[in-house]
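Numbering (our numbering), first residue to last: 310 to 830.
First the structure, in the form of structure tokens, and then the observations on it.
Structure follows, in structure tokens:
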């Protein structure tokens, strides 16, 4: 019957970074690597040809030039406005087959705010997309294209009750990715889901509180591929590599990585590692772990998953003993007691603790997180510009910190931490370090990354100032959000437990009640 051209697209922000401040994209997006791998060669009598585009690495996508028959976008909140701009242009464009382009939007933002996404798209994918769901979406869009229907639809898949494994997970297809455009060109995912359900995070709402692992034969195949094709350090992009202190999944994956001698880095919560560090840290070190992104969040110790700051220092020292670099992740404004002194105190603590790297974030009520609904219902949102929801801009009210203090404090924290003086204090080797070959390896890796991030901090400070931020704020509430959370609409829409119970009991996602006249697949 012919050929259908499908473009899988990850948009960048609506306002691109000026060329003089452009930095490498971090890594190829897993979303479109998986979508490409899951797409059948033939469907409903058509040959399917897939193309992938990551705007952050490949530049601006022009739908009027590419003219796909089906356009599937995966968007974060920061890139939602750009996705909607592309969708608007797509509406005025016919695809390669001469018929209107069919538009699907998925990702965290569309999952959380489907009313807004459906204003621009023909269908939305809520939550994660399993191979069977992708097939259903593509088949429906092909039929819609064929008949000229104006129907809209939302597709939602959820894992079976008690599932321990990610269903029918293929190897991601990276054949499209320009590897030289990425800082870490090779990534893997070994599990999804996180049990901590932090109020400021959307992971548990989207992927669930039960950690599900990728089939181990797939992980092993990915490891073999990296060994033959990869270079540098493999980024393991799990939501939480160590969801519990027993570390059963981590132990199995570490054994695979050890056999293939893969250098790797991942993200986990400091609390679970600390609770069993004597067993787990040697395991990580011997398996080739080169770096850990540790969610410390705050040095105040006022979060449920926090340990004392002194224990954090001990944990960092033990990781260094095994040549494992540590990136400490902090969130400013995460407690009501946070005040303007927190920025400098956090940086000083990071230097004293000898953190190799640090990520400083502004507490941002992300759509899909419980904090977002709370902020909307309690009139805490001060900025509705989705591009500012990047954890680098203040978009809500804080109890003891003004927006300008938050903006400048966040910028200064990055600048202070990555100065040459700070780097020397944090990274200078002790006599014990000089005797430890593992630490020599760590120092080489970390020095290069510090130099890169120091440049990033300088570029960021050069192109950001509070006056420009003030001018770009959108203070008029988003009408789709107001509609979704209007009186009479369901409450606790982003409560992960409520969603899971409803879906697993043959009920329905509370968001179905806020999307009138839309069929659910």
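Each residue gets a CB set at the ideal place from its N, CA and C atoms; glycine is no exception.
Given the structure is predicted, the values throughout are model-derived calculations rather than measurements.
### Task
Determine the extent of the beta strand (DSSP E) in which residue 689 is found, giving its start and end residues.
For the purposes of this step, residue 689 is taken as residue 380 along the chain shown, with counting starting at 1. Residue 689 -> no beta strand (DSSP E), and no H or E assigned at all.
### Message
Between residue 609 and residue 644, how many whole angstroms is the CB-CB distance? I'm expecting something under 8 Å.
### Response
As a position in the chain shown, residue 609 is number 300, starting the count at 1. As a position in the chain shown, residue 644 is number 335, starting the count at 1. That belief holds up - the Cβ atoms of residue 609 and residue 644 are roughly 6 Å apart, short of 8 Å.
### Query
What residue range is occupied by the uninterrupted alpha helix (DSSP H) comprising residue 461?
Locating residue 461 in the chain shown gives position 152, where the first residue counts as 1. Neither: residue 461 is in no alpha helix (DSSP H) and is coded neither H nor E.
### Integer-rounded CB distance, given that residue 629 should sit under 8 Å from residue 671
On the chain shown, position 362 is the one that residue 671 refers to. On the chain shown, position 320 is the one that residue 629 refers to. Residue 671 to residue 629, Cβ: 29 Å. No contact.
### Query
Who are the near neighbours of residue 783 in its chain, counting only those whose CB is closer than 8 Å to its CB and skipping five residues on each side?
Against the chain shown, residue 783 aligns to sequence position 474. Counting only Cβ-Cβ distances below 8 Å, and skipping sequence neighbours, we find 692, 693 and 694.
### Message
Considering just the uninterrupted stretch of the beta strand (DSSP E) at residue 382, what are its terminal residues?
### Response
As a working mapping, residue 382 is identified with position 73 in the chain shown. It spans 379-383 - the beta strand (DSSP E) in which residue 382 sits, taken as one unbroken run.
### Task
Quick one: grab the DSSP three-state call for residue 894.
The structure shown does not extend to residue 894, since the chain spans only 310 to 830, so no value can be given for it.
### Rounded separation between residue 876 and residue 779 - CA only
The structure shown does not extend to residue 876, since the chain is modelled only from 310 through 830, so no value can be given for it.
### Task
Work out the CA separation of residue 771 and residue 654 for me, nearest whole Å.
Residue numbering aside, residue 654 sits at position 345 when the chain shown is read from its first letter. Residue numbering aside, residue 771 sits at position 462 when the chain shown is read from its first letter. Residue 771 has its alpha-carbon roughly 24 Å from the corresponding atom of residue 654.
### For residue 478, the three-state DSSP class (helix, strand or coil)
As a working mapping, residue 478 is identified with position 169 in the chain shown. In this structure, residue 478 counts as coil in the three-state DSSP scheme.
### Query
For residue 356, which residues of its own chain have a beta-carbon under 8 Å away from its beta-carbon, when the five flanking residues on both sides are left out?
Residue numbering aside, residue 356 sits at position 47 when the chain shown is read from its first letter. The answer, listed in chain order, is 311, 312, 313 and 350.
### Query
For residue 641, which option in 515, 438 and 702 has the closest C-alpha, if you only look at C-alpha atoms?
Taking the chain shown and counting its residues from 1, the one referred to as residue 641 is at position 332. Per the Cα distances, 702.
### Which listed residue (566, 461 and 552) has its alpha carbon closest to that of residue 519
The sequence position of residue 519 within the chain shown is 210, counting from 1. Looking at the Cα atoms, 552 is the closest of the given residues.
### Message
Buried or exposed for residue 743, going by 16 or more other Cβ atoms inside 10 Å?
### Response
Counted from its first residue, the chain shown places residue 743 at position 434. With a pLDDT of 49 at residue 743, under the threshold of 50, the modelled position of that residue is not reliable, and no figure is offered here.
### Message
Mapping the DSSP letters down to three states, classify residue 664 as helix, strand or coil.
### Response
Along the chain shown, read from residue 1 onward, the residue named residue 664 stands at position 355. Residue 664 falls in the coil class under three-state DSSP.
### Task
Report the three-state DSSP secondary structure of residue 432 (helix, strand or coil).
Position 123 of the chain shown, counting from 1, holds the residue named residue 432. Strand.
### Query
Can you tell which of 716, 604, 583 and 786 has the C-alpha that lies nearest to the C-alpha of residue 688?
Here residue 688 refers to the residue found at position 379 of the chain shown. The shortest Cα separation from residue 688 among 716, 604, 583 and 786 belongs to 786.
### Query
In the structure shown, what three-state DSSP assignment does residue 449 receive?
Taking the first residue of the chain shown as 1, we reach residue 449 at position 140. Residue state, collapsed to three classes: helix.
### Task
Report yes if the CB atom of residue 713 is closer than 8 Å to the CB atom of residue 761, and no otherwise.
Residue mapping note: residue 713 aligns to position 404 of the chain shown, counting from 1. Residue mapping note: residue 761 aligns to position 452 of the chain shown, counting from 1. In this structure, residue 713 keeps its C-beta atom at 8 Å or more from the C-beta atom of residue 761.
### Message
For the beta strand (DSSP E) containing residue 355, name the first residue and the last one.
### Response
For the purposes of this step, residue 355 is taken as the residue at position 46 of the chain shown. Per DSSP, residue 355 belongs to the beta strand (DSSP E) from 355-363.
### Query
Under 8 Å between the Cβ atoms of residue 705 and residue 804?
Position 396 of the chain shown, counted from the first residue, corresponds to residue 705. Position 495 of the chain shown, counted from the first residue, corresponds to residue 804. Taking 8 Å as the Cβ cut-off, residue 705 and residue 804 do not qualify as a contacting pair.
### Query
Which term fits residue 796, buried or exposed, when burial requires 16 or more other beta carbons within 10 angstroms of its beta carbon?
To locate residue 796, count along the chain shown from 1; it is residue 487. By the Cβ-count criterion, residue 796 is exposed, with fewer than 16 other Cβ atoms from all chains shown falling within 10 Å of its own Cβ.
### Query
In this structure, does DSSP put residue 522 in helix, strand or coil?
Locating residue 522 in the chain shown gives position 213, where the first residue counts as 1. Correct three-state label for residue 522: strand.
### Residues that residue 314 bridges to, as DSSP identifies them
For this step, residue 314 is matched to residue 5 along the chain shown. DSSP, once it has assigned bridges, lists 358 as partnering residue 314.
### Rounded C-alpha distance that separates residue 801 from residue 618
As a position in the chain shown, residue 801 is number 492, starting the count at 1. As a position in the chain shown, residue 618 is number 309, starting the count at 1. Taking the straight line joining both Cα atoms gives about 33 Å.
### Query
Any contact of the stretch 429-444 with the stretch 456-471, i.e. 3+ C-beta pairs under 8 Å?
yes
### Query
Going by alpha carbons, who is nearest to residue 423 out of 453, 620 and 384?
Taking the chain shown and counting its residues from 1, one reaches residue 423 at position 114. The option with the nearest alpha carbon to residue 423 is 384.
### Message
I need the DSSP call for residue 395, collapsed to helix, strand or coil.
### Response
Taking the first residue of the chain shown as 1, we reach residue 395 at position 86. Note: residue 395 maps to helix in three-state DSSP.
#### Entry: Option nearest residue 639 by Cα separation, candidates 498, 699, 605 and 338
Counting from 1 along the chain shown, the entry for residue 639 is found at position 330. Checked all of 498, 699, 605 and 338; the closest Cα to residue 639 is 605.
### Message
Across the stretch 319-331 and the stretch 468-476, are there enough close Cβ pairs to call them in contact, namely three or more that are closer than 8 Å?
### Response
no
### Query
Looking at C-alpha atoms only, which residue of 735, 437 and 492 is the closest neighbour of residue 344?
Here residue 344 is taken as the residue at index 35 of the chain shown, counted from 1. Selected option, being the one with the closest Cα: 437.
### Task
In angstroms with no decimal places, state the Cα-to-Cα distance between residue 362 and residue 620.
Locating residue 362 in the chain shown gives position 53, where the first residue counts as 1. Locating residue 620 in the chain shown gives position 311, where the first residue counts as 1. Cα-Cα distance, rounded: 43 Å.
#### Entry: Every unbroken beta strand (DSSP E) within the stretch 504-564, with a cutoff of 3 residues, ordered by chain
Here the runs fully enclosed are 543-545.
### Query
So what does DSSP say about residue 573, is it helix, strand or coil?
In the chain shown, residue 573 corresponds to position 264, counting from 1. Reduced to three states, the DSSP call for residue 573 is strand.
### Message
According to DSSP, is residue 606 part of a helix, a strand, or is it coil?
### Response
Along the chain shown, read from residue 1 onward, the residue named residue 606 stands at position 297. DSSP places residue 606 in strand when its eight states are reduced to three.
### Message
Here's a check: name, in chain order, each residue in its chain whose Cβ is nearer than 6 Å to the Cβ of residue 318, leaving out the five neighbours to either side.
### Response
Here residue 318 refers to the residue found at position 9 of the chain shown. Within the same chain, residue 318 has close Cβ partners 362, 370 and 382.
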